[in-house]
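Data block below; observations after.
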């Protein structure tokens with residue numbers, strides 16, 4: 008699974024509000040990354056469920072990580088109901104081959120099966136780790152989102168062999184055109200603007216703050232998944248999260264007392 012050669016941000020810029028949660032989450036994602044990519048037979052358990060979705064050492068940590076979901080109706084880089092019981096947060100880079108594999112092979116099926124029926128919301132976080140073109144593609148994707156074409160841009164940028172063509176200025180404009188972005192002049196301005204840079208930086212810092220330093224990395228209601236795992240890994244995680252949420256909702260809903268018979272009803 009791809010990892011950056013160095014972090015573009017100093018530790019002083021990482022979010023501090025998570026406290027101990029940051030340390031634990033970094034451990035979870037670090038372990039999941041190692042287990043998912045460790046050599047076969049090394050004892051890493053690469054083919055076991057533990058290599059795909061971390062166990063449950065701390066419900067409090069997962070709850071804190073689940074709180075990273077924005078559930079903002081105005082989020083241009085998200086799809087699905089804001090009140091969906093499950094939120095999948097995806098940290099990814101447009102130059103990441105495994106991210107492209109997930110986008111082409113797995114994500115469309117998750118959208119069709121779970122987003123369409125209201126079970127799942129997907130929220131994108133830009134995590135460019137492969138240099139200037141990664142950064143440029145992330146800003147361009149954000150800019151496409153300002154014209155409500157993020158997911159179309161996402162699909163074009165992750166098309167088979169798309170990353171081999173690079174993400175220079177002309178190529179990004181061509182991807183925007185393919186995505187149906189109408190105002191290409193605005194797209195260019197937004198791509199180069201400070202708002203795009205700030206948005207990408209905020210996503211990066213959130214990712215580094217929870218220990219997600221490789222792509223793709225995911226949170227499913229706060230539970231980490233590392234790498235472009237098989238579709239079954241995600242379906243199990245989504246269905247387990249939905250079942251857990253159903254249980255929580257049932258416990259939170261007071262039982263309706265049986266109606267007592269009234270004198271009139273007894274007649």
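Numbering (this note's numbering), first residue to last: 8 to 274.
Cβ coordinates follow ideal geometry from the N, Cα and C atoms, glycine included.
Asked, Found
"Nearest by alpha-carbon distance to residue 248: which of 78, 232, 227, 196 is it?", "227"
"For residue 83, which residues from the same chain have a beta carbon less than 7 Å from its beta carbon, with the 5 sequence-adjacent residues on both sides left out?", "152, 153, 155, 157"
"Could you tell me the distance, in whole angstroms, from the CA atom of residue 96 to the CA atom of residue 241?", "12 Å"
"Cβ of residue 188 within 8 Å of Cβ of residue 135?", "no"
"Looking at the structure shown, is residue 188 part of a helix, part of a strand, or coil, going by DSSP?", "coil"
"Taking the DSSP output, what are the residues bridged to residue 224?", "98, 233"
"Pull up the distance between the alpha-carbon of residue 184 and that of residue 159, whole angstroms please.", "10 Å"
"Provide the residue(s) that pair with residue 118 in DSSP beta bridges, ordered along the chain.", "For residue 118, which the question treats as bridged, DSSP gives no partner whatsoever."
"Given this structure, state the Cα-to-Cα distance separating residue 253 from residue 76, to the nearest angstrom.", "18 Å"
"Among 127, 141, 113, which one has its Cα closest to the Cα of residue 250?", "127"
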